Amino acid sequence: MEKIRLNMTVNGKEIDVLTEPRQLLAHVLREELKLTGTHIGCETSHCGACTIDMNEMSVKSCSVFAAQAQGANITTIEGLGTPDGLHLLQEMFKEHHGLQCGYCTPGMITRAYRLLQENSNPTEEDVRFGMSGNLCRCTGYQNIVKAILATAEKMSEMKESA
Amino acid sequence: MNETIPPKEARMSALNGLGTSRKRVEDARFTQGKGNYVDDIKLEGMLFGDFVRSPYAHARVKSIKTEAALAIPGVHAVITAADLEPLKLHWMPTLAGDVQMVLADGKVLFQGQEVAFVVADNRYAADDGIKAVEVEYEELPVIVDPFKAELEGAPVLREDIADKKEGAHGPRRHPNHIFTWESGDKEATESVLAEADVVAEEMVYYHRTHPCPLETCGSVASMDKVNGKLTVWGTFQAPHAVRTVASLISGIAEHNIRIISPDIGGGFGNKVGVYPGYICSIVASIVTGAPVKWIEDKMDNLMATAFARDYWMQGKISATKDGKITGLWCHTTADHGAFDACADPTKFPAGFMNICTGSYDIPTAFLSVDGIYTNKAPGGVAYRCSFRVTEAAYFIERMIEVLAIKLGMDSAELREKNFIKKEQFPYQSALGWEYDSGDYHTAWDKALKAVNYKELRKEQSERLEAFHRGETRKLIGIGLSHFTEIVGAGPVKNCDILGLGMFDSCEIRIHPTGSAIARLGTISQGQGHATTFAQILASEIGIPAEDITLEEGDTDTAPYGLGTYGSRSTPVAGAATAMAGRKIRAKAQMIAAYLLEVHDNDLEWDVDRFVVKGNPERFKTMKEIAFASYNQAIPNVEPGLEAVSYYDPPNMTYPFGAYICVMEIDVDTGTTEIRQVFALDDCGTRINPMIIEGQVHGGLTEALAIAMGQEIAYDEMGNVTTGTLMDFFVPTSWETPNYQTDYTETPSPHHPIGAKGVGESPNVGGVPAFSNAVHDAFKSFGLTQSHMPHDHWRIWTIANKLGLHDM
Chain A
404 MEKIRLNMTV
414 NGKEIDVLTE
424 PRQLLAHVLR
434 EELKLTGTHI
444 GCETSHCGAC
454 TIDMNEMSVK
464 SCSVFAAQAQ
474 GANITTIEGL
484 GTPDGLHLLQ
494 EMFKEHHGLQ
504 CGYCTPGMIT
514 RAYRLLQENS
524 NPTEEDVRFG
534 MSGNLCRCTG
544 YQNIVKAILA
554 TAEKMSEMKE
564 SA
Chain B
243 MNETIPPKEA
253 RMSALNGLGT
263 SRKRVEDARF
273 TQGKGNYVDD
283 IKLEGMLFGD
293 FVRSPYAHAR
303 VKSIKTEAAL
313 AIPGVHAVIT
323 AADLEPLKLH
333 WMPTLAGDVQ
343 MVLADGKVLF
353 QGQEVAFVVA
363 DNRYAADDGI
373 KAVEVEYEEL
383 PVIVDPFKAE
393 LEGAPVLRED
403 IADKKEGAHG
413 PRRHPNHIFT
423 WESGDKEATE
433 SVLAEADVVA
443 EEMVYYHRTH
453 PCPLETCGSV
463 ASMDKVNGKL
473 TVWGTFQAPH
483 AVRTVASLIS
493 GIAEHNIRII
503 SPDIGGGFGN
513 KVGVYPGYIC
523 SIVASIVTGA
533 PVKWIEDKMD
543 NLMATAFARD
553 YWMQGKISAT
563 KDGKITGLWC
573 HTTADHGAFD
583 ACADPTKFPA
593 GFMNICTGSY
603 DIPTAFLSVD
613 GIYTNKAPGG
623 VAYRCSFRVT
633 EAAYFIERMI
643 EVLAIKLGMD
653 SAELREKNFI
663 KKEQFPYQSA
673 LGWEYDSGDY
683 HTAWDKALKA
693 VNYKELRKEQ
703 SERLEAFHRG
713 ETRKLIGIGL
723 SHFTEIVGAG
733 PVKNCDILGL
743 GMFDSCEIRI
753 HPTGSAIARL
763 GTISQGQGHA
773 TTFAQILASE
783 IGIPAEDITL
793 EEGDTDTAPY
803 GLGTYGSRST
813 PVAGAATAMA
823 GRKIRAKAQM
833 IAAYLLEVHD
843 NDLEWDVDRF
853 VVKGNPERFK
863 TMKEIAFASY
873 NQAIPNVEPG
883 LEAVSYYDPP
893 NMTYPFGAYI
903 CVMEIDVDTG
913 TTEIRQVFAL
923 DDCGTRINPM
933 IIEGQVHGGL
943 TEALAIAMGQ
953 EIAYDEMGNV
963 TTGTLMDFFV
973 PTSWETPNYQ
983 TDYTETPSPH
993 HPIGAKGVGE
1003 SPNVGGVPAF
1013 SNAVHDAFKS
1023 FGLTQSHMPH
1033 DHWRIWTIAN
1043 KLGLHDM
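Chain order of the listed sequences is A and B. Quick note: to get my numbering, add 403 to the position in the first sequence (first position is 1). Quick note: to get my numbering, add 242 to the position in the second sequence (first position is 1).
Below, the structure written as structure tokens:
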């Protein structure tokens, strides 16, 4: 099958990659760019394990053709935090035991990142509604919600002290 | 000269050992997306394989044409049963003593069954190939109802064993009958029932569902023809058992097979079995000479790769007029699907269903289970459960409710009256188990007080009066559940899988500078073993948990063990860890004695060091001892500091708990609102309270799903009607309530550290709590039993049938 040239920015890096037009963005990220933190749980956009941030929106990358990401600005879990310094959300997920098997975690954190960009002071209800596109089979969500609320609180503390 | 000894408390807290809510060591990599799951593995030249699956539930396969598929660019091979037959791999043994087709051999027996395996450059090309494989089917009559499987004229499903009168578990009375398993005293139970003051009878159905981990099953097989070594990475909850089975069925010597379970994205029993995809990826790697990956999608997973439950439990329970239970009878019809692939210990074809006397002192009981073939997917796996304990707990907790209605008694009081008393432990149950320990009354009392039970009942009856007055359309249901689990399989004398005893293992190496590595025969799927097992060890050998690396899942390096499922890791491998730690300590004591020039017996262990009795200034820390073991020539002591323990548990462990759910139900819409869930667990000694609580939250959410909507349903043609996450209910953060947790602590008397296992308790105890709440709301209108899952439609139907929509 003829390939197309795809240009996008992923985690701040300019990417130039050849893909089949039918390839899903999740597969290009995972297999061509080796960013395997974006997971695939269902391939039908129900579970949210493949959630990434694309043009400042949460997007389920299993239901988007890579071709649709032409020129897009993408952040995956690998773009949040560094091995030397975790992103606050990553720290809070660890602190509040917001993960178990870790499979949903990158999607959860990437989604929570956007949620907090949109609403920096959410209520528990806001978080539960805003995260409802991401499934977790291990945690029962209670500690995920706690971790996100704790992140919001810390973010606002940091803002105040700044 | 030794420095001053820091206070005991400071040294203990530095260890981060037993009982501390240690943060998980796994989380740094998982939160950064740096886990390594099977689909993340990418090898040079790797191909991708996927299945042509049957659209029919029962059909003869007339022909399979592969030419068109093979002509597609990027397709390397199409493997069918005919190709596997010369290798004798077209069928494989199941864990339950049956055999299962790897690829359709002449017929298909369930929708989604594997028919052919297409190997291609990548998943897209494989999909092109799948679409081009032409299979001609001839449809056959279908059995979806196990009660119709033995009727006259029923189609024979398993032609391969149609004439076999004897199965792996005794005589077969019909070609569609698998086994009948009995436990307890039939005659005595029947006579108790015949003479009883009160007998309650009910059919309790625990519907078919699926563990549905977020990550599906998959494998990467790589046959290195130069070295003759086969390496398989995969979603294996029992890697060593997979290696042995792979060796037995492939003929490849076991030392030439390396099985690796990388990070696993949730298991819940789904990843215990051996599936056709694993076999086909191995064969494909041998055939093509390239590594081959197989990753199923969610629909494949839900439709074909194991199911859970599907038990029809006919029950009778008898009691005196004042509510003392005298007998329990149960006959179960178990729908096993097309192949008996239940993952139970060999001697227990219905798992531990005979724990169905629950938390109660029931003097006489009888259980029989019929296993039946139908045109459904094989499986019968323990979905976050110790081999049918969930079915047993649901059954008895429903029967208690039904009996309470018949007696006109409050069901909390009925439970309390019949609990096994603390002083009766160890308790011998009528169906043959020795419960190791328990204190049910204390737990129950604590739970009732926590929810203010009496007030709740008062509020419920006031609500009911208001409903009758037409002031509200919402009822309150109070769901009670007191479960007893049986986990930690198990003693080799009666527990094995395919002849492999269900012991487990731990191997420890202490490094010269006083840090350590421990390897176990289990494999974490989110339970946090690397965190908790290091805590057990820290407390045993006085090395901080932070300085202990935990490794699991690689059969070339880990000691042999039977893996992780049935809440067996802590009871069995956790015990092995403690025992191996004690061996380290015993050798350390000899080394310390030499260094301090005293007799072994003159030393005592003090958190992280050996101290000379009566002379606390003289001691050797574990760190000092570790170094000495590598640099000193000690008479009669081998250099190094290592130990291994293979632990065969003397008994199972019996965690228990008291769960209460309060639910509001709208009779006009059938919608429910969970108002409160209180879960008290007693899992014996608590290793990491944070992780225990996390396990309880997760298990309760699975229980909520199962009780309130999650099912694998079939239509009359044998089509799966719940094959995607659109139809198969997995609760989101929006539907899931907050949970209140609590605990009591009754250590197991036979486990080295008294721990019992907790992962599955919330699923086992949660399902009856949620289901009983629904039943309880409608109790006063005459409802005794209504089958799960209690989705909005089914609840609306209950209300409708009871005439509540006319009120």
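Ideal placement from N, C-alpha and C gives every residue a C-beta, glycine not left out. Since the model is a prediction, treat every value here as computed from it, not as a measurement.
Straight-line CA distance for residue i to residue j?
i	j	result
G474/A	V280/B	31 Å
I752/B	E793/B	14 Å
K373/B	A311/B	8 Å
E444/B	T575/B	14 Å
D539/B	I750/B	38 Å
R626/B	Q937/B	11 Å
T812/B	I728/B	13 Å
A256/B	T774/B	15 Å
A760/B	K688/B	39 Å
G501/A	R266/B	10 Å
A835/B	P249/B	23 Å
A313/B	A362/B	11 Å
Q274/B	L438/A	11 Å
H771/B	V434/B	47 Å
F290/B	A368/B	7 Å
Classify residue i as helix, strand or coil using the three-state DSSP reduction.
i	result
Q874/B	coil
T422/B	strand
R295/B	strand
Y516/A	helix
N857/B	strand
R715/B	coil
Q937/B	helix
F1020/B	helix
F637/B	helix
H841/B	coil
R751/B	strand
Y520/B	helix
C465/A	helix
M541/B	helix
F215/B	Absent from the structure is residue 215/B, since the part of chain B shown begins at 243 and ends at 1049.
H449/B	strand
For residue i, count neighbouring C-beta atoms within 10 Å of its own C-beta (all shown protein chains included) and say buried if the count is 16 or more, exposed if not.
i	result
G741/B	exposed
H442/A	buried
H724/B	buried
H841/B	exposed
W423/B	buried
T478/A	buried
Once the 5 residues before and after residue i are set aside, which same chain residues still bring their CB inside 6 Å of it?
i	result
Y888/B	F745, S747
G965/B	M541, L544, M545
G1007/B	S723, F725, G899, Y901
G743/B	V734
A442/B	I559, V644, L645, K648
I'd like to know whether the C-beta atoms of residue i and residue j end up nearer to each other than 8 Å.
i	j	result
N1053/B	V623/B	A question about residue 1053/B goes unanswered here, because the residues of chain B that appear run from 243 up to 1049.
Y448/B	Y602/B	no
T927/B	I995/B	yes
R450/B	I954/B	yes
H939/B	G451/A	no
C903/B	A1015/B	yes
T454/A	T513/A	yes
Please work out which residues of its chain come closer than 7 Å, Cβ to Cβ, to residue i, disregarding the five sequence neighbours upstream and downstream, and give them in chain order.
i	result
K567/A	The shown model of chain A, from 404 to 565, leaves out residue 567/A, and the question about it has no answer.
K659/B	G565, K566
A945/B	P1004, N1005, G1008, V1009, F1012
L1044/B	F1020, F1023, G1024, L1025
Below 8 Å CB to CB, which residues in the same chain sit around residue i once its five sequence neighbours on both sides are set aside?
i	result
R500/B	K471, L472, T473, V474, R485, D796, T797, D798
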